[in-house]
(Lines of atoms letter the chains of each structure in order from A; the text may use other names.)
(Lines give C-alpha, C1' and ligand atoms only; values in the text may rest on other atoms or scores of the structure.)
Protein backbone atom coordinates (compact mmCIF):
# COMPACT_ATOMS: atom_id res chain seq x y z
CA UNK A 289 0.00 0.00 0.00
CA UNK A 290 2.69 2.46 -1.04
CA UNK A 291 1.84 5.70 -2.81
CA UNK A 292 3.71 7.08 -5.78
CA UNK A 293 6.40 9.74 -5.39
CA UNK A 294 4.18 12.68 -6.37
CA UNK A 295 1.37 11.57 -4.04
CA UNK A 296 3.91 11.15 -1.26
CA UNK A 297 5.31 14.68 -1.79
CA UNK A 298 1.83 16.22 -1.84
CA UNK A 299 0.87 14.29 1.30
CA UNK A 300 4.03 15.48 3.08
CA UNK A 301 3.13 19.12 2.33
CA UNK A 302 -0.47 18.56 3.42
CA UNK A 303 0.66 16.87 6.65
CA UNK A 304 3.13 19.68 7.42
CA UNK A 305 0.35 22.22 6.84
CA UNK A 306 -1.91 20.24 9.20
CA UNK A 307 0.75 20.11 11.93
CA UNK A 308 1.09 23.91 11.65
CA UNK A 309 -2.66 24.28 12.29
CA UNK A 310 -3.94 24.46 8.72
CA UNK A 311 -7.45 23.09 8.15
CA UNK A 312 -7.62 23.15 4.36
CA UNK A 313 -4.49 22.68 2.28
CA UNK A 314 -4.32 24.32 -1.15
CA UNK A 315 -1.88 22.66 -3.53
CA UNK A 316 -1.03 24.85 -6.54
CA UNK A 317 0.37 22.92 -9.50
CA UNK A 318 2.46 25.86 -10.83
CA UNK A 319 2.65 24.30 -14.29
CA UNK A 320 0.81 24.58 -17.60
CA UNK A 321 2.09 21.17 -18.72
CA UNK A 322 -1.02 18.99 -19.22
CA UNK A 323 0.92 15.78 -18.51
CA UNK A 324 2.20 17.15 -15.21
CA UNK A 325 -1.28 18.45 -14.29
CA UNK A 326 -2.68 14.95 -14.94
CA UNK A 327 0.03 13.43 -12.73
CA UNK A 328 -0.86 15.84 -9.90
CA UNK A 329 -4.58 15.11 -10.24
CA UNK A 330 -3.99 11.36 -10.37
CA UNK A 331 -1.79 11.58 -7.27
CA UNK A 332 -4.41 13.59 -5.35
CA UNK A 333 -7.14 11.14 -6.38
CA UNK A 334 -4.85 8.31 -5.24
CA UNK A 335 -4.51 9.97 -1.81
CA UNK A 336 -8.29 10.20 -1.60
CA UNK A 337 -8.77 6.57 -2.63
CA UNK A 338 -6.27 5.54 0.07
CA UNK A 339 -8.48 7.41 2.55
CA UNK A 340 -5.83 9.98 3.55
CA UNK A 341 -7.48 13.13 2.19
CA UNK A 342 -10.89 14.55 1.34
CA UNK A 343 -10.81 16.59 -1.87
CA UNK A 344 -12.80 19.80 -1.45
CA UNK A 345 -12.00 21.27 -4.88
CA UNK A 346 -9.86 20.20 -7.81
CA UNK A 347 -9.18 22.03 -11.07
CA UNK A 348 -6.47 22.35 -13.71
CA UNK A 349 -4.37 24.72 -11.60
CA UNK A 350 -4.92 23.74 -7.97
CA UNK A 351 -6.57 21.43 -5.49
CA UNK A 352 -7.92 22.04 -2.01
CA UNK A 353 -8.09 19.14 0.40
CA UNK A 354 -8.33 18.26 4.06
CA UNK A 355 -6.51 15.48 5.88
CA UNK A 356 -8.59 12.58 7.25
CA UNK A 357 -8.14 10.77 10.56
CA UNK A 358 -6.50 7.95 8.58
CA UNK A 359 -4.20 10.51 6.97
CA UNK A 360 -3.25 11.90 10.39
CA UNK A 361 -2.50 8.39 11.66
CA UNK A 362 -0.45 7.64 8.55
CA UNK A 363 1.44 10.94 8.88
CA UNK A 364 2.11 10.33 12.57
CA UNK A 365 3.37 6.79 11.95
CA UNK A 366 5.58 7.82 9.02
CA UNK A 367 7.48 10.21 11.30
CA UNK A 368 9.20 7.30 13.08
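Numbering (this note's numbering), first residue to last: 289 to 368.
Every residue gets a Cβ at the ideal spot worked out from N, C-alpha and C, and that includes glycine.
It should be emphasised that the depicted structure is a prediction, and the values quoted were computed from it without experimental measurement.
Determine the closest residue to residue i out of the options, with distance taken between C-alpha atoms.
i	options	result
residue 356	312, 294, 345, 293	312
residue 318	361, 347, 363	347
residue 291	338, 345, 349, 344	338
residue 295	333, 309, 342, 320	333
Which term fits residue i, buried or exposed, when burial requires 16 or more other beta carbons within 10 angstroms of its beta carbon?
i	result
residue 359	buried
residue 353	buried
residue 412	Residue numbering for the chain in the displayed model covers 289 to 368; residue 412 lies beyond these limits and cannot be assessed.
residue 315	buried
residue 328	buried
Quick check on residue i: does DSSP put it in helix, strand or coil?
i	result
residue 296	helix
residue 365	helix
As an exercise, report each continuous beta strand (DSSP E) stretch of at least 3 residues that is fully enclosed by the region 304-356, in chain order. 313-316, 341-346, 350-355
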